[in-house]
Amino acid sequence: MSEHSVHRSLEIYERARALIPGTTQLISRRPTRAALGVSPIYAERAKGCRIWDVDGNEYIDWTSAVGPVILGYADDVVDDAVRAQIARGAIYSIVQESAVELAEELVRIVPSAEMVRYCKGGGEACTIAVRIARGVTGRDKVLFCGYHGWHDWYQAANLGAERLAEHLFNGIEPIGVPRSLEGTAMPFTYGDLQELEGLLQQHAGEVACIIMEPMRSGEPPEGYLAGVRDLATRYGVVLIFDEVSSGWRVARGSAQEYVGVTPDMTVFAKAISNGYPMGAVVGKREFMEPASRMFISSAYWDDNIGIAASLACLRELERRDAVAHFNRIGALFKEQVNAAAAAAGLAAQCVGVAAHPSIRIEVDDPAEAAKVNALFIQENARRGVILATGFMFNCSHGESEVERTAAVVEESFGKIAEGLDRGTIDDLLEVPPQEESFRRLVS
Ligand SMILES: Cc1ncc(COP(=O)(O)O)c(C=O)c1O
93 MSEHSVHRSL EIYERARALI PGTTQLISRR PTRAALGVSP IYAERAKGCR IWDVDGNEYI
153 DWTSAVGPVI LGYADDVVDD AVRAQIARGA IYSIVQESAV ELAEELVRIV PSAEMVRYCK
213 GGGEACTIAV RIARGVTGRD KVLFCGYHGW HDWYQAANLG AERLAEHLFN GIEPIGVPRS
273 LEGTAMPFTY GDLQELEGLL QQHAGEVACI IMEPMRSGEP PEGYLAGVRD LATRYGVVLI
333 FDEVSSGWRV ARGSAQEYVG VTPDMTVFAK AISNGYPMGA VVGKREFMEP ASRMFISSAY
393 WDDNIGIAAS LACLRELERR DAVAHFNRIG ALFKEQVNAA AAAAGLAAQC VGVAAHPSIR
453 IEVDDPAEAA KVNALFIQEN ARRGVILATG FMFNCSHGES EVERTAAVVE ESFGKIAEGL
513 DRGTIDDLLE VPPQEESFRR LVS
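Numbering-wise (the working numbering), the sequence shown opens with residue 93 and increments by one.
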């Protein structure tokens with residue numbers, strides 16, 4: 093184990109620190125959010141569920157590119173479709189029939205889809221959906237629940253009293269967000285219908301939409317999402333499901349099919365295209381059609397690569413019965429990680445729906461918990477596994493990867509148990525405590 097080194101990664105990281113503010117573009121990919129000094133930072137290549145770093149280390153990866161990879165890295169079918177598209181041209185002065193084919197496919201698969209718009213990412217898709225909802229209703233206010241990206245409409249929630257702490261993490265300063273947006277975006281608590289109705293009453297006639305992540309790892313409380321649907325209908329508010337992270341994982345038609353609740357609009361990105369930039373806003377005709385009269389327009393949204401990747405990805409998800417695979421692999425993962433916790437004598441559990449569970453290590457003190465999380469990532473990384481307490485399956489994760497990972501996790505849990513018992517977590521930790529990770533609302 094002592095031979096594991098990320099020297100070359102750390103050298104490149106030093107160069108990056110001088111040139112790239114924050115060093116990565118996605119906050120969740122920042123090395124300070126993993127085990128800086130032990131976790132790999134720079135990849136050489138990836139295939140299936142494996143990543144090779146610039147120091148020549150090989151890892152089983154459970155982060156799946158923070159969500160976009162759902163079939164596996166460098167998937168042959170999607171990449172062949174992309175290569176074929178590149179040979180025909182990435183983008184033209186006019187458009188390609190495939191844009192209509194993808195719309196037809198989304199309308200076939202997703203319950204809320206009658207019309208479709210495209211873009212290039214999740215935050216962008218949310219922003220488009222909110223703009224459409226504001227345009228259709230002529231109202232400004234937004235009620236939200238969950239993470240919806242970096243744009244002003246959403247970060248405006250932190251102008252005044254900080255309110256994103258429950259949804260993301262503490263200490264997000266809305267630097268650069270116009271103060272005039274204060275009071276336009278208000279969070280509500282997942283599972284609390286009374287609070288949501290209170291907000292709808294308090295801001296009666298002013299709310300354009302409710303935008304929310306319908307679920308993540310946990311099963312939604314019985315009847316909750318149907319209750320939200322009912323409130324949105326009664327108060328004449330557009331209901332938007334943000335399925336950027338829940339999309340395609342728990343049911344073919346995503347979380348809305350799984351829970352049997354159909355929103356007015358839905359946003360997708362990330363896994364829709366197995367790693368090629370893409371986002372989609374879908375919805376009922378009455379809400380989507382007015383978008384043709386709004387100024388919602390960008391050159392790369394007609395790019396053919398993301399469309400080719402999405403068509404191939406959605407067809408492969410169906411052909412490979414991805415949801416059944418995630419349920420099968422997830423059940424095994426939960427069972428084996430829970431057995432590892434028991435064997436290591438650590439109060440830890442793998443919880444949530446089988447297709448998308450998460451790991452909980454029971455530590456009360458938040459400062460200690462941050463150290464324990466870093467130690468978990470550190471001990472996994474030095475044994476060739478990229479795994480934090482939150483993770484995403486892809487179709488290339490198989491039984492052998494689960495078994496190898498469970499063996500590693502048992503050793504990592506053992507270290508943590510030893511550190512907690514003896515009060516030596518600080519001594520075991522070779523890296524700074526993990527910066528607070530995204531506190532996902534829907535845990
Ligand atoms: C639910 C949800 N919405 C929006 C986003 C933002 O997507 P992007 O990072 O592509 O802008 C994310 C990304 O994690 C997400 O999980």
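Each residue gets a CB set at the ideal place from its N, CA and C atoms; glycine is no exception.
Inclusion of Met304 and Val329 in the CB contact set at 9 Å is not warranted, their separation being larger than that value. Residue pairing by DSSP places Met278 opposite Leu235 in a beta bridge.
Fewer than three pairs of CB atoms, one per stretch, sit closer than 8 Å, so the segment 297–312 makes no contact with the segment 422–435. Considering only Val455, Leu111, Leu331 and Ala176, the residue with the shortest C-alpha distance to Lys233 is Leu331. The continuous alpha helix (DSSP H) containing Thr325 extends over residues Tyr316 to Arg326.
Fully enclosed beta strand (DSSP E) runs of no fewer than 3 residues occupy 135–139, 142–145 and 150–153 of the segment 134–177, in order along the chain. If you draw a straight line from the Cα of Thr116 to the Cα of Ala166, it comes to about 21 Å. As computed with DSSP, Ala440 is found in a beta bridge with Ile453. Excluding sequence positions up to five before and after Ala324, its CB lies within less than 6 Å of the CB of Ile302 and Leu331, all in the same chain and listed in chain order. Judged by DSSP in its simplified three-state form, Met304 adopts strand. At a cut-off of 8 Å, the beta-carbon of His417 does not count as near ligand 1: no heavy atom of the ligand is closer than that. Counting along the chain, Val374 sits inside the beta strand (DSSP E) bounded by residues Gly371 to Gly375. Between Val202 and Glu349, the gap from beta carbon to beta carbon is short of 9 Å.
A distance below 8 Å between beta-carbons, with the five flanking residues on each side excluded, links Arg142 to the following residues of its chain, in chain order: Glu150, Tyr151, Ile152, Asp153 and Tyr165. Under the three-pair Cβ rule at 8 Å, the segment 451–460 does not count as touching the segment 126–140. Between Glu503 and the set Arg514, Ser492, Ala473 and Phe485, the nearest pair of CA atoms involves Ala473. Distance check between Ser488 and each of Asn366, Ala499 and Val500 places Asn366 closest, using alpha-carbon atoms only. Leu331 sits in a strand when the DSSP states are folded into three classes. The shortest CA-to-CA distance from Gly275 to any of Gln247, Phe261, Gly263 and Glu103 is the one to Gln247. At least 9 Å separates the beta-carbon of Ala391 from that of Met370. Gln470 and Asp145 have their alpha carbons spaced roughly 15 Å apart. By the Cβ test, the segment 404–417 is in contact with the segment 166–175, since at least three Cβ pairs between them sit closer than 8 Å. Using a cutoff of 8 Å, the CB of Tyr210 does not count as near ligand 1, since none of the ligand's heavy atoms is closer than that.
Here the alpha carbon of Lys463 sits roughly 11 Å from the alpha carbon of Asp519. In the structure shown, Gly506 adopts helical secondary structure according to DSSP, grouped into three states. Here Thr497 carries a helix assignment [DSSP, helix/strand/coil].
For Cys211, there is no enclosing alpha helix (DSSP H); the residue is part of the beta strand (DSSP E) that begins and ends at Met207 to Cys211.
The beta carbon of Arg271 lies closer than 7 Å to those of Leu251 in the same chain, with the five residues before and after it left out. Cβ-Cβ distances below 6 Å link Leu409 to Trp340 in the same chain, with the five nearest sequence neighbours on each side left out; the list follows chain order. When secondary structure is reduced to three states using DSSP, Met386 falls in the coil class, being assigned neither helix nor strand. Ranked by Cα distance from Gly227, the options Ala498, Val299 and Arg496 are led by Val299.
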